[in-house]
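Asks: Mind having a look at this structure? Questions to follow.
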Amino acid sequence: MPLCISTRSKLPSQAWTNSHHVGGLAAEVLSAQKPLVRCRPLHAATAESRGKAKKCAEFLQPYRQRPETCTALARRLVSGALGVKLSTARQERAEERRLITIAREKKRQAALHKEAAWDGSLGQPLGDT
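In full-length UniProt numbering, the protein residues as written are 1 to 129.
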């Protein structure tokens, strides 16, 4: 039974904090029915482990999927490079703007969620932070 299933590697990302503790990134391990290792989320870790995790934060990030895109930027870049003005329907431009606004809001919420995970207030409502 593997410890985690990852799209990039077979083992979780890990970094030793001291001779007894190792920090790792593997969501599958925390949700396993019978884990092979004793594990806890970052907010329940020792202060030393949290400090080490903050120092190594850029290396302990989960695999990131390519973001969803729309054709607005590509159309603008290509038409600008070719020196051609493309006519797009007003409704299509409005829909693309709406998608971009939704994507920005998702990105903002993800940043708030990430910050809440670091300071341990993940389960609390956003208004109380």
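Every residue gets a Cβ at the ideal spot worked out from N, C-alpha and C, and that includes glycine. From a predicted model like this one, the values you see are computed outputs, not experimental measurements.
Could you say if the stretch 68 to 77 and the stretch 87 to 102 meet the contact criterion of at least three C-beta pairs nearer than 8 Å?
Replies: yes
Asks: So, with DSSP's three-state summary, where would you put Leu77?
Replies: For the purposes of this step, residue 77 is taken as residue 77 along the sequence shown, with counting starting at 1. In this structure, Leu77 counts as helix in the three-state DSSP scheme.
Asks: Please report the straight-line C-alpha distance between Arg104 and Arg97, rounded to a whole angstrom.
Replies: Counting from 1 along the sequence shown, the entry for residue 104 is found at position 104. Counting from 1 along the sequence shown, the entry for residue 97 is found at position 97. Computed Cα separation, rounded: 11 Å.
Asks: Between which residues of its own chain and Leu99 is the CB-CB distance below 6 Å, once the five residues before and five after are set aside?
Replies: Numbered from its first residue, the sequence shown carries residue 99 at position 99. Cβ neighbours of Leu99 beyond the five flanking positions: Cys70.
Asks: Contact defined as beta carbons within less than 8 Å: I believe Ala53 pairs with Leu42. What is the distance between those atoms, to the nearest angstrom?
Replies: Along the sequence shown, read from residue 1 onward, the residue named residue 53 stands at position 53. Along the sequence shown, read from residue 1 onward, the residue named residue 42 stands at position 42. About 6 Å separates the two Cβ atoms, so the contact holds.
Asks: If you follow the alpha helix (DSSP H) that Lys85 is part of, which residue opens it and which one closes it?
Replies: The residue given as residue 85 occupies position 85 in the sequence shown. Careful: Lys85 lies outside any alpha helix (DSSP H) and carries neither H nor E.
Asks: Take Asp119 as the anchor and find which of Ile102, Glu92, Lys107, Ala45 has the nearest alpha-carbon.
Replies: If you number the sequence shown from 1, residue 119 lands on position 119. If you compare the alpha carbons of Ile102, Glu92, Lys107, Ala45 with that of Asp119, the shortest gap goes to Ala45.
Asks: CA-CA distance, Arg50 and Lys107?
Replies: Here the question's residue 50 lines up with position 50 in the sequence shown. Here the question's residue 107 lines up with position 107 in the sequence shown. Going from the Cα of Arg50 to the Cα of Lys107 covers about 24 Å.
Asks: Return the first residue and the last residue of the alpha helix (DSSP H) that Arg98 is part of.
Replies: As a position in the sequence shown, residue 98 is number 98, starting the count at 1. 90 to 119 is the span of the alpha helix (DSSP H), which, as asked, contains Arg98.
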